[in-house]
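Number of protein chains: 4
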Amino acid sequence: MKAIADVSIIPLGVGLSLSKYVAACEKVFTEHGFEPKLHANGTNIEGDWERVMEALKACHERLHEMGVPRIATNLRLGTRVDREPSMDAKLRSVKEKLEQ
Amino acid sequence: MKAIADVSIIPLGVGLSLSKYVAACEKVFTEHGFEPKLHANGTNIEGDWERVMEALKACHERLHEMGVPRIATNLRLGTRVDREPSMDAKLRSVKEKLEQ
Amino acid sequence: MKAIADVSIIPLGVGLSLSKYVAACEKVFTEHGFEPKLHANGTNIEGDWERVMEALKACHERLHEMGVPRIATNLRLGTRVDREPSMDAKLRSVKEKLEQ
Amino acid sequence: MKAIADVSIIPLGVGLSLSKYVAACEKVFTEHGFEPKLHANGTNIEGDWERVMEALKACHERLHEMGVPRIATNLRLGTRVDREPSMDAKLRSVKEKLEQ
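Residue numbers (the working numbering), protein chains in the order written: chain A, 1086 to 1185; chain B, 1086 to 1185; chain C, 1086 to 1185; chain D, 1086 to 1185.
1) Tell me whether L1101(D) is buried or exposed, calling it buried when 16 or more other Cβ atoms sit within 10 Å of its Cβ.
2) Please compile the residues from chain A whose C-beta is within a distance smaller than 8 Å of the C-beta of G1187(B).
3) Could you tell me which uninterrupted alpha helix (DSSP H) segments, each at least 4 residues in length, are contained entirely in the stretch 1095 to 1119 of chain C, listed from first to last along the chain?
4) Does the Cβ-Cβ distance between I1089(A) and M1172(A) come in under 8 Å?
5) Ordered along the chain, which non-local residues of its own chain (more than five positions away) have a Cβ less than 6 Å from that of G1152(A)?
6) Taking Cβ positions only, does G1100(A) come closer than 8 Å to chain C?
7) Hey, is I1095(C)'s beta-carbon within less than 8 Å of any beta-carbon in chain E?
8) Using 8 Å as the threshold, is the C-beta distance between E1111(A) and L1183(D) below it?
9) When Cβ atoms are compared, which residues of the stretch 1165 to 1178 of chain A fall closer than 7 Å to chain D?
10) Give me the residue from I1156(C), T1158(C), D1091(C), G1163(C) with the minimum Cα distance to K1122(C).
11) Which two residues bound the contiguous beta strand (DSSP E) that contains A1125(D)?
12) Spell out whether any CB of chain A is found under 8 Å from the CB atom of E1150(D).
13) Would you call the CB atoms of A1108(A) and V1179(D) closer than 8 Å?
14) For a contact meaning CB atoms closer than 8 Å, what does K1105(B) contact in chain C?
15) Looking at the strands, I want to know which residues DSSP matches up with D1133(C).
16) Quick check on this structure: which residue in M1086(A), H1145(A), L1160(A) has the alpha carbon closest to the alpha carbon of G1127(A)?
17) Using CA atoms only, rank isn't needed, just tell me which of M1138(A), E1169(A), D1167(A), M1086(A) is closest to T1158(A).
18) Kindly indicate the opening and closing residues of the beta strand (DSSP E) around R1155(D).
19) Is the Cβ of A1108(C) closer than 8 Å to any Cβ of chain B?
20) Going by beta carbon distance, what residues of the same chain come within less than 8 Å of L1141(B), once the five residues before and after it are set aside?
21) Taking CB distances under 8 Å as the criterion, tell me whether E1186(A) reaches chain B.
22) With 8 Å set as the bound, which would you pick, yes or no: does the beta-carbon of H1124(D) sit closer than that to a beta-carbon of chain A?
23) Where R1147(C) and E1150(A) are concerned, what is the direct C-alpha to C-alpha distance, given to the nearest angstrom?
24) Only counting the same chain, and skipping five residues up and downstream in sequence, which positions put a Cβ closer than 8 Å to that of D1133(A)?
25) Who pairs with V1092(C) in a beta bridge, going by DSSP?
26) Could you compute how far the alpha carbon of R1136(A) sits from the alpha carbon of G1163(A)?
27) What does a CB cutoff of less than 8 Å around L1097(B) pick up in its chain, not counting 5 residues either side in sequence?
28) Roughly how many angstroms separate the alpha carbons of Y1106(D) and A1125(B), rounded to a whole number?
29) Nearest by alpha-carbon distance to F1114(C): which of I1130(C), S1104(C), V1099(C) is it?
30) Mind listing the chain A neighbours of K1142(B)? Cutoff is C-beta to C-beta under 7 Å, in chain order.
31) What does the Cβ neighbour count give for R1168(C), buried or exposed, with the cut at 16 atoms within 10 Å?
32) Can you pull the chain A neighbours of E1111(D), defined as C-beta to C-beta under 8 Å?
33) Among residues of its own chain, excluding the 5 on either side of G1118(C), which ones have a beta-carbon nearer than 8 Å to its beta-carbon?
34) Just to confirm my understanding: we take L1103(C), look at its own chain, exclude 5 residues before and 5 after, and list those with CB closer than 8 Å. What are they?
35) Considering just the uninterrupted stretch of the alpha helix (DSSP H) at E1181(B), what are its terminal residues?
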């Protein structure tokens, strides 16, 4: 089962500058074979459900290792069985409608 | 690593009446050994990260088996390493503050 | 237009103990005439869209006044026009399915 | 008070093809003077809290006018008072860390 995920990880207890933790997660996703698409409020990845969840867990573990005591993540998670889901297809479809 | 999760599962392509799908997920969580706490906009469970994620995956699979072609889930996910996280402790702590 | 909202407010830059801020928001919601339903990962309120949004803004303002420099809120927001939405009806409907 | 918002609007009761509704919201945001940044799982906008919320309400109203009976939105909402928040600054800061 393929999943499309939008991951917003908020580290707590480490002050206000969160970018190094977001960057650390990006690297974890890349190490796990994903091509993360960073946006202003999260990161999009797509792939097999289990691999997505392993990578997300590895993010939490990495951040805790970096000294983050508490993490609040918001995850948007999509699956579908009528056809293969794809982030590119989702974006393309909206853009086509915008051009009409 | 223990996780506290707030799961909001939205089945797409099956009309407007979603309660039977929410109920199906509640049953999946119970079958997986959780005590789900249903609220008006989701369900809270807590437990080992892997078990939480297995149960969530089983929800998606169950709903797809029931004929739901597409699912959009919103997940709030908390982990902490400074002390054992607990939904009861979170609620109790806010309620104490409200009584002051 | 009536809205059902699930509000999860995460104060940043004030350490790990967030319950007093959650409690402060509960009070703001009550002051604004809502009956907030606290759960382990957020608070549910329902009412006129504008009133819900005024109250949410007042929460952010109150927390910033209390010294919170940065806030990350996750909001689940439902509207419907086929019939009057209701948190009680949502919960009742799932519970009926669970009893079948 | 400036807000940064990540809006994920899910129309219910209109089948599986949601892109025309996402495109309609993009147009609403543009009409309201925003420069929406579409990504695979939502749209980012930034601006004055009240204007952001007016535009979001206008999206829900537009979609209901288009025949969508029910809408479930997930909103990530950030405010901060220590300095002016900016989507560009957030992205730039993470990218700098990734290059180090």
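Glycine residues also receive a C-beta, built at the ideal position from the N, C-alpha and C atoms. On a predicted model such as this, the values are computed, not experimentally measured, just so you know.
Walking through what the data contain:
1) exposed
2) The question about residue 1187(B) has no answer here: the residues shown for chain B are numbered 1086 through 1185.
3) 1104 to 1116
4) yes
5) The beta carbon of G1152(A) sits closer than 6 Å to none of the beta carbons in its chain outside the five residues before and after it.
6) yes
7) Structure shown: chain E not included; protein chains present are A, B, C and D.
8) yes
9) Within the stretch 1165 to 1178 of chain A, the qualifying residues are D1167, M1172, K1175, L1176, S1178.
10) D1091(C)
11) Bounds of any beta strand (DSSP E) do not take in A1125(D), whose DSSP letter is neither H nor E.
12) no
13) yes
14) K1182
15) Its beta-bridge partners are K1087(C).
16) L1160(A)
17) M1138(A)
18) 1155 to 1165 is the span of the beta strand (DSSP E), which, as asked, contains R1155(D).
19) A1108(C) counts as touching chain B.
20) A1090, V1092, T1158, L1160
21) For chain A, the structure presents residues 1086 to 1185; residue 1186(A) sits outside this window and is missing.
22) yes
23) 34 Å
24) M1086, K1087, A1088
25) T1128(C), L1160(C)
26) 14 Å
27) V1153, P1154, R1155, I1156, A1157
28) 25 Å
29) I1130(C)
30) The answer, in chain order, is W1134.
31) Under this definition R1168(C) is an exposed residue.
32) Result: V1179, L1183.
33) G1132, R1136
34) Excluding residues within five positions, the ones whose Cβ falls inside 8 Å are I1095, P1096.
35) 1172 to 1184
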